[in-house]
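Each remark here refers to the structure printed beneath this line.
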Amino acid sequence: MSGNLGMPSADKNTVQLAVSHDFNRLTRFQTGRNELTSKEFSRETNSILVEAGYSLSQKWSVDVFLSWVRQKRDNRLAGVQQTTSGIGDATLLLKYRLLSSLNVGAGIKAPLGASDFTFTEGGIRSPLPLDLQPGSGAWDGVFWANYTTTLKFLRPSTTFSTTTTFRLTGKNDEFFSSTYEVGNEFLINTSVSDRFLLGTLIFDPSFGINYRRQGTDISFEFENPNSGGDFVFINPGIAYQATPDLTFQVNSSIPVYQQVGGTQVANSFRINTGVFYRFSIKKN
Amino acid sequence: MKNFKLFTGTQILLTLIAGILISCGGDDPIDDGAFLDNDGEVINDDESGWSVPVANVLAGQIKDGIPSVDNPRFVSLADVTTIPDEELVIGYKKGDDVRAYPHQILDWHEIVNDDIGGDKLALTYCPLTGTAIGWNRELNGQETTFGVSGLLFNTNLMPYDRQTSSVWSQMLTAGVNGDLRDNQAEILQVIEMPWKDWKEIYPNSSVLSRDTGFERTYGRYPYGSYRQTNSLLFPVITRDDRLFGKERVLGVIINDLAKVYRFTIMEQDGSLKVIKDTFQDQELLVVGNNRFMNVFQIGGVSSAQDFTSVMDREFIAVQGQLPIAFEDNTGNKYDVFGVVVEGPESGDRLGILEAYMGFFFSFGTFYPNPEILE
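Sequence order for the protein chains is A and B.
Counting from 1, one number per residue, gives the positions in the first sequence under our numbering.
Counting from 285, one number per residue, gives the positions in the second sequence under our numbering.
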């Protein structure tokens, strides 16, 4: 979800709200880069993402990111399905406009979501793995930067944007009497968008490429070999601008390169649909 | 060295409050099957329906999430090219039918239900404790198979039988929950050794095929650096830090006590050696070299019907004739399974013990303070 972080820059006293639904399906059973043909395992994540931003000044702004997550894991061989749902972690991001087209930010991810969901097997209650928990149970540091400019040499309406996010993860010290530390995460999102009119309707199609590096998880002071990896996605999307302040958008992520650590179920498809609204609070 | 926490302190506390704990004095670390924590306190949890402390049973997986191999296929050893020389295999022998089960496959399945000339073998293997134990999967006269329950006790495999769904503890070799609670599994003797040695000793044996019916990345060890570190993935009741936790040792269990044998007791040039030893009033014969070991009962009391004491015999190692590993002064020659392959008692075998290779920490956890021969 780090890829959704960071509102566009806006004038002072502007409030920006984005609400979206994110559907992520993982069905590719992979070892390293190799996809196995087995279809024993799959996962689905449905999330409601809410992000609110407020521009404190022309330079400073603050974003708050909240989520509600429902995760489902399927093992067809064993005929078992496990589902969890709940409020996810919360992120607070303080941003600064360094140059007219360059914004940087830093923040924290607070462990608002639960990380103590269990399952019962043979009458024994046991912890679900952390990647099925709505929250990570850890405080993370978040570092963010965005560069956005128009490519006037192409068309005045062509926009280029790149966003980098680094999440320095903390340790969950109370994961069922043990510790768990999700690997650090690095993301870079680059996209180009343009505008066209269909009659009187305004559309902004976009095409992006996304690279994510996920570090290895550490539990019981032991590196989990089946975690982490390098991922590249292409991100086609389109936005419909209903009014200058109200936009509806659909974005998708299609994996083009996935190198997972060990053996994991990897992404097969992701789609995000949402609405963006902004308004100004006039202060006298 | 770090002592690992129990799964939930609350459960232990509740157990204490319930007055289930009983005191355990003296030097005997185990009292009637009870388990002790690091402070020497008994934490059995009998009222729960389990014969082991429930607080230390947890699920690492869902039931059958790790699928057992129930229709094993075998290929001839000559056709196997995918196993590195130092990879370990588990060997089983029934007459002329000799079979190898590579760790490479066992790491992903943990149990193979096989039938070797009428021997109903359930080869149980726990990658987290490094223990491979052969069980007879005929229970109360009925053939069944074992599956992976997904549960772990002391970070060790807990099979379940498909006849009664009872849950078993691999290293206790006993049912611990369900109808077959407290039933003891009958041990079928296996041997563990590097592939290089196995293929030299048994070049005509068959090898468990990767065609298991499941798609797994056989050959890729799924637990990363687990074997090289002292860290564990799941909690255990107690740790014994006298040796590196993942050192492979041969453990013998008698009267709920363990004795472990290190490879340091063997000749380090690869030549074979036999050692007579006594543990819990039983006479043992340890045979091996710096790459594999096995142990047999040669005297004392055994529950096996066909057991004959041979403790008065002299045993000496035989070099360069593997699978013949040693001989006695009556003219019998024995292979690495302790079977007489030449001599007046050809076909007989030495007494089988509850003995298996495993990581040192696991013996220290299940059978606290094991005696170490080094």
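Here a beta-carbon is modelled for each residue, glycine too, at the ideal position from N, C-alpha and C.
Measure from the C-beta of residue i to each C-beta in chain B and report whether the shortest distance is under 7 Å.
i	result
residue 84 (chain A)	no
residue 237 (chain A)	no
residue 129 (chain A)	no
residue 122 (chain A)	yes
residue 75 (chain A)	yes
How many angstroms separate the CA atom of residue i from the CA atom of residue j?
i	j	result
residue 26 (chain A)	residue 127 (chain A)	22 Å
residue 349 (chain B)	residue 78 (chain A)	6 Å
residue 606 (chain B)	residue 507 (chain B)	33 Å
residue 40 (chain A)	residue 268 (chain A)	15 Å
residue 190 (chain A)	residue 73 (chain A)	31 Å
residue 183 (chain A)	residue 247 (chain A)	34 Å
residue 398 (chain B)	residue 407 (chain B)	8 Å
residue 552 (chain B)	residue 107 (chain A)	58 Å
residue 649 (chain B)	residue 216 (chain A)	29 Å
residue 642 (chain B)	residue 410 (chain B)	9 Å
residue 208 (chain A)	residue 192 (chain A)	6 Å
residue 614 (chain B)	residue 599 (chain B)	10 Å
residue 244 (chain A)	residue 34 (chain A)	46 Å
residue 148 (chain A)	residue 102 (chain A)	7 Å
residue 67 (chain A)	residue 574 (chain B)	57 Å
residue 377 (chain B)	residue 171 (chain A)	49 Å
residue 308 (chain A)	residue 110 (chain A)	Because residue 308 (chain A) is not part of the residues shown, which for chain A are 1 to 284, the question remains open.
residue 309 (chain B)	residue 446 (chain B)	Confidence at residue 309 (chain B) is low in this model, with a pLDDT of 27, below 50, so the placement of that residue is unreliable and no value is reported for it.
Shorter than 7 Å from the beta carbon of residue i to some beta carbon of chain A?
i	result
residue 683 (chain B)	Residue 683 (chain B) falls outside the range modelled here, since chain B spans only 285 to 658, and no answer is possible.
residue 251 (chain B)	There is simply no residue 251 (chain B) to check, as chain B begins at 285 and stops at 658 in what is shown.
residue 451 (chain B)	yes
residue 646 (chain B)	no
residue 433 (chain B)	yes
Give the interface partners of residue i over in chain B, defined as CB-CB distance under 7 Å, in chain order.
i	result
residue 221 (chain A)	515
residue 126 (chain A)	342 and 343
residue 78 (chain A)	346, 347, 348 and 349
residue 263 (chain A)	501 and 506
residue 31 (chain A)	501 and 504
residue 36 (chain A)	499
residue 184 (chain A)	What residue 184 (chain A) touches in chain B: nothing, since even the nearest Cβ is about 18 Å away.
Can you say whether residue i is buried or exposed, counting buried as having 16 or more other CB atoms within 10 angstroms of its CB?
i	result
residue 628 (chain B)	exposed
residue 116 (chain A)	exposed
residue 555 (chain B)	exposed
residue 539 (chain B)	exposed
residue 281 (chain A)	exposed
residue 258 (chain A)	buried
residue 242 (chain A)	exposed
residue 427 (chain B)	exposed
residue 235 (chain A)	buried
residue 658 (chain B)	exposed
residue 138 (chain A)	buried
residue 534 (chain B)	buried
residue 152 (chain A)	exposed
residue 402 (chain B)	exposed
residue 490 (chain B)	buried
residue 299 (chain B)	In this prediction, residue 299 (chain B) scores a pLDDT of 26, lower than 50, which makes its location untrustworthy; the coordinate-derived value is nonetheless stated afterwards. Buried.
Comparing alpha-carbon positions, which option in the options lies nearest residue i?
i	options	result
residue 342 (chain B)	A:93, A:125 and A:174	A:125
residue 65 (chain A)	A:37, A:94 and A:233	A:94
residue 433 (chain B)	B:609, B:459, B:646 and B:423	B:459
residue 496 (chain B)	B:443, B:409, B:393 and B:376	B:393
residue 546 (chain B)	B:391, B:478, B:578 and B:440	B:578
residue 181 (chain A)	A:201, A:142, A:221 and A:198	A:221
residue 113 (chain A)	A:132, A:105, A:100 and A:97	A:132
residue 514 (chain B)	B:537, B:351 and B:529	B:529
residue 63 (chain A)	A:147, A:8, A:82 and A:164	A:8
residue 357 (chain B)	B:468, B:537, B:549 and B:494	B:494
residue 412 (chain B)	B:634, B:562 and B:531	B:531
residue 336 (chain B)	B:442, B:526 and B:414	B:442
residue 463 (chain B)	B:455, B:492 and B:423	B:423
List, in order along the chain, the chain A residues whose C-beta lies closer than 7 Å to that of residue i?
i	result
residue 509 (chain B)	223
Listing by chain order, which chain B residues have their CB less than 8 Å from the CB of residue i?
i	result
residue 119 (chain A)	343 and 346
Check the Cβ of residue i against every Cβ in chain A and list those closer than 8 Å, keeping chain order.
i	result
residue 338 (chain B)	124
At least one CB of chain C closer than 7 Å to the CB of residue i: is that the case?
i	result
residue 5 (chain A)	Within the model displayed, chain C is absent; protein chains A and B are what it includes.
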